[in-house]
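Chains as they are written, first to last, in my numbering: chain A, 1109 to 1591; chain B, -18 to 327. Every residue gets a Cβ at the ideal spot worked out from N, C-alpha and C, and that includes glycine. To start, the structure itself, in C-alpha cells.
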Amino acid sequence: MTPKEEFLERFFASWSIRIGTVLLAILIILSIVIVLTYPIDFGKRIWNNPTYWADNPRLAPPTWLSLFTGAKVPEHTVIKLVQPTSVLVEENLRIVEYSAGIDYSYDDYPSFLHVLINDITFYSAKPPRVEIWMSRPDNLSVRLTSFTIRGPSAIEEPPYRRYVESPYRLILTEDLTPILNLVYSLNKKYYSDITMDEVSAIGSEKLFFGYPLRTGENRFSVLKGLYKFHVRVYIYEGKGSVGEVSFIVGGKTYGLLGTDVIGRDLMMGLLYGFPTSLMIGFMAATLVTIIGTTLGVLSGYLGGKTDIVIQRSSDIILNMPLLPILIFFTFIFREFGMRLFLIILVLTAFSWPGLVIIIRPMVMQIKSSQFIEAAISCGASRMWIMSRHILPNIAPFIIAQSIFLIPSAILAEAALSFLGLGDPTIPTWGQILEHGFRSGAIYLGYWWWIIPPGLMIVITTITFLLITIGLEPLLNPKLKAVV
Amino acid sequence: MIKTIILRSISLLLVAPAVLFLMSLTLGLTGVSDRILTSMAEQALQDVKKALAAQIHDPSALEAAIELQKLEIYSSYGLDKPWFYRMFQMIIRIACFDLGRTRVIKGFTGSQEISEIILERIPNTIVLVTVPLIFSAITGILIGVKIASNPGTFLDRFTTYLSIISYTLPSWWIGIILIIFFGFYLKILPIGGMYSIPPPPDISSRILDLIWHSILPFTTLVIVQIGGWIYSARMIVFNIAQEDYVSVARAKGLPEDIIRKRYILRIAAPTIVTNIVLGLAGSLGGAIITEIVFGWYGMGSLYYQAIISLEEGLIIALTYLYTLIYIFVRIILEIVYLVLDPRVRY
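This is the structure:
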C-alpha cells in the first residue's frame, strides 16, 4: 500500500469525515448547479425587485403543510395562455379570446386573482378594448370589467404596441369595478343584500369563489366546481394580436418553503445562499491562510525585529473583540459598495493573527531540527528553506486550520447580515433571517421564513466542523513524527 | 507574580489605544469624523445664535456676529484644518465617549447624550454575558470531565456529537426558535423585553419579573456555549489522563477520586482557563445578537438601533466600550490563570 492509499484509507475510516465529505460534496454540487442556472444579477434584478414577485401570494406557508392539516388548501395556480382559445373575425373587428378553466375543489378561498395581459399590437387609430368575463359553477356569468387600451399618440406610427416590457396587471380582487359587478350579480341571484362597505370585511376573494349564505357568521361558503375565465380583446381594422394572457389564482400555500412578506419564493433565496456562503467561507479562509502562514513562517524563522513586530501586532489584534470591530468597519465603509467583499476583507484583516500564533512555535521547532541545519550548511537560502523545508512540514496542519476558518467566516457574515449590515445586492441566509426578524415573523409565527435559513447555516458549518474534527487525530501524529 | 500580572495587563491595555488609533484613522480617512464634528459645531452654533439674537437687534450686525462666532466655533473643533491635525483630538473624544448627541435614539431617561445612553446599558449587558458564561462553563466542564473518564462509550460519543452541534448553532437562530416555540405557540414565556409592561411596582416582584423574562435569553446562550465547554474539557482531560504519571498513580493504587482531582484536573485547569479566554470573544458576540433577538435593553440592541438609524457616534462609542469590557474581563482571567498555574512566569 502506498502512503497515499494508506492516508486515504485512514481518512475515510472516520465517520465524521465520511459524513462531512458527503455533505460537502452535496453543498458543492448544489452551488455549481445554482451558479450555472441563476442569472448573475439575481440579487438586484430578481430578489430585491418587488414587481418580480407581484403575482405571488404573500406570507404563504409551504404547500406540504396541508398534508398534515388534512384540509385542502388552495395551491398557487398560474395558467399561461400563449395562443388564443378562439379568434372571431367580423368585418372590421377581430375578437381574440383567451379562456381558462379552473376546477376548484379546495376548502378555502384563494388569496387573490390576477389577470396579466402581455404585448398587445394594433394598427387602428381606435384602440382595442378588453373585456373580462367569469362564469361560475352556479351558472352565474358576470362581465367583471372592461377597459380600453391607451390609444396612439400624435407622433406614434403603427403598429402600436402596448405592455411589451411589463404586462398589464389587473388585480381583480382589489379593483373596484369587478367587485361592484360581482356584488350586483350575487345579490340578484341569491337575493342577498351585500353592500360595498361590507366587502373589505368579508374579503373580496370570497365574492369570486364563494356564495352568500342566509345564516351563519361567515355569511359565505366556498363554491366548488368548474370556474371559467375569459379575456376578450376587441381589435379594430382586423389586424393586430395579443402576446400572452395569464390567469393567476393566488394560493394560500406556496412551493416547498413558502413566501415572505413581499411574495418572494423563499426556496430560491435559500438555494442562492449555498454558493454565496461557500464563496464567503472559501475566500476568507484562503486570504487568512495566505496572510497568516506567510507572517507565521517569517516570524518563526527569521526571529529578531520581524518576529517582535509580527508578534506584537498579532497579539493586539487577537485581543480585540471581533464582532464589534467587524460591525464598526462594515458600518463605516458601507457606502463604498461591494459590501460582501468588504466584509470578507475586514474579516481577514482581523482573523490572521490566530493562525500566526499557532504556526510560529511549530516553525521554531522545525527550525531547530537537524535537517534544516544540514540545508543551511549546504548553502540553501532562507527563502528556499522556508518554502521547501518548513512549509511542506506544516502544510497538513495549516489545511486543517483553514478548513476550520470557513465556518467561522460564514457565521461572521451571517451575524453581520443579521445586524442589517449585509450586502443588499447579494442575498444570503443571514439577510433572509434579518428581514424575517425585522418584519416580526417570530411574533406572528411565520416559522418557514426563519427556521430554514438558520438550518442551512447550521448544516454548512457542521459540514466543515466534522471534517476538521475528523482530521485532527490524523494530522497530529504525523506532525509529531516530523518534529 | 504581581510584576507578571502588571506586565500582562499593560500589554492587554495596549489594545485600547490601538483600537482608538485604528478607529480615528478610519473615521478621518472616510470623512466621518468631519461629519460628526460639523454636527457638533452646528449644535453649539445654534445655542450661540439664540443668545446673540437676544442681545443684538440689528440684522446685519447680527449676521456679522454669527459669522464671527461660527469661525471661532469651527476652529475650536479643529474643522478649519485637515482631519489628520485633529486625529489626537478625535482619539481623546472617542476615549471619553464625547461624540455629541444622537439624532433619534434616546436613553431611558430621555437623554440624547451618547455617553449617558450607553452607560445606562452596561449593567444589563454584563448580566447577560457573564451569568450564562459562568453557568455553561461550570456545567460544561463538569460534564466534560465526567464523560472523559469513560471514553468511547455511547454516552461519550453521543455527548460529543451533541456538543459539536451546540458549537455550530448560531445564537440568534436558537433564540428565534425558542421564541416561536415557547412564546408564540405555547405562550408560556415572554417573547422579549426585560420587564412586563407596565413593570411591577415593588422591587421583589420586579426582580422575579426580570428572571421570568431572562429565562429564554439565558437558555439560548447556555445552549450555544455549553457544547464548546464539554468538548474542550473532554479533550483536555482525555489527553492528560493518557500521560504516564497518571498510569503510575493508578498502578500505585491511588483512589480514582484523588487521581482525578490532583493528577488530572489540577493540570488541566490552566488550559481550561485559556479556553475561557478564547471563548469570551465568541460569547460577547453571541450576546450582542441575543440581546437584539430578545429585545434586551443592553448595548447589543443599542448597536442594532444605531445601525438602523445610522447613528455613527453611537456605533463608535459602543465598539470602543465593547473593547474596554473585553480587555477588562481578559485581565481578570489572566490573573486567575496565573493563580492556577504556578509554572507560568514570564
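For L1167(A), the closest of M1494(A), L1189(A), G1544(A), L1463(A) by C-alpha to C-alpha distance is G1544(A). DSSP, read as helix, strand or coil, puts K1360(A) in coil.
For K1188(A), the closest of E1114(A), T1576(A), F1355(A) by C-alpha to C-alpha distance is F1355(A). The Cβ atoms of V218(B) and V317(B) lie no closer than 8 Å to each other. Not a single CB atom of chain A sits nearer than 8 Å to the CB of L314(B). Using a CB distance below 7 Å, the part of the segment 1559 to 1574 of chain A facing chain B consists of I1559, G1562, I1565, V1566, T1569, I1570, L1573, ordered along the chain. Around L1529(A), the beta-carbon contacts reaching into chain B at under 7 Å are I288. Listed along chain B, the residues sitting closer than 8 Å to N1427(A) by beta-carbon distance are L(-7), V(-4), Y307, I308, R311.
Taking a Cβ-Cβ cut-off of 7 Å, I196(B) has no neighbours in chain A, whose nearest Cβ is about 16 Å from it.
Setting aside the 5 residues that flank it on each side, I47(B) is surrounded in the same chain by K30, L33, each with a C-beta closer than 7 Å to its C-beta; the list follows chain order.
The residue from G1404(A), A1523(A), I1203(A), F1119(A) with its alpha-carbon nearest to that of I1228(A) is I1203(A). With contacts defined as CB atoms closer than 8 Å, K1314(A) and Y1217(A) qualify as a contacting pair. Residues T1281, G1358 of the same chain have their beta carbon placed closer than 6 Å to that of F1220(A), with the five preceding and five following residues left out of the count. A1208(A): not part of any alpha helix (DSSP H); member of the beta strand (DSSP E) spanning 1201 to 1212, first to last residue. Not a single C-beta of chain A is nearer than 8 Å to the C-beta of G9(B). Following the DSSP letters along the chain, one finds I1343(A) inside the beta strand (DSSP E) bounded by residues 1333 to 1344. Sequence-distant Cβ neighbours of L1321(A) in its own chain, meaning closer than 6 Å and more than five residues away, are R1327, S1329. Here P1469(A) carries a helix assignment [DSSP, helix/strand/coil]. For P(-2)(B), no beta strand (DSSP E) segment is defined; the enclosing uninterrupted segment is the alpha helix (DSSP H) at -4 to 11. Judged by DSSP in its simplified three-state form, D238(B) adopts helix.
Contact annotation: W193(B) and I270(B) have beta-carbon atoms that are not nearer than 8 Å. Residues of chain A whose Cβ lies closer than 8 Å to the Cβ of V0(B) are, in chain order, M1428, I1433. For A262(B), the nearest beta carbon of chain A is closer than 8 Å to its own beta carbon.
Where P1245(A) is concerned, there is no enclosing beta strand (DSSP E), because DSSP gives it neither an H nor an E. If you ignore the 5 residues before and after D1211(A), its C-beta comes within less than 7 Å of the C-beta of L1334, all in its own chain and listed in chain order.
Looking at L314(B), S282(B), I312(B), I313(B), the one whose alpha-carbon comes closest to that of T300(B) is S282(B). With fewer than three CB-CB distances shorter than 8 Å, the segment -14 to 0 of chain B does not count as touching the segment 20 to 27 of chain B. Here the C-alpha atom of I1575(A) lies approximately 50 Å from the C-alpha atom of S1213(A).
At the C-beta level, L1450(A) and F1441(A) come within 8 Å of one another. Inter-residue distance for P1581(A) and R82(B) is about 55 Å (C-alpha atoms, whole angstroms). Taken in chain order, the whole alpha helix (DSSP H) runs of length 4 or more contained in the segment 18 to 86 of chain B are 40 to 57, 68 to 76. Closer than 9 Å at the C-beta level to chain A, one finds these residues of the segment 170 to 196 of chain B: I172, G173. Neighbours of V13(B) in chain A, taken as residues whose beta carbon is under 8 Å from its own, are I1440 in chain order. Straight-line spacing of the CA atoms in L295(B) and I1279(A) works out to 45 Å. Ranked by how close their Cα comes to the Cα of P1515(A), the residues G1548(A), S1459(A), I1502(A), I1474(A) have S1459(A) in first place. For a cut-off of 8 Å, the C-beta gap from P1275(A) to T1253(A) is around 16 Å, too long to register as a contact.
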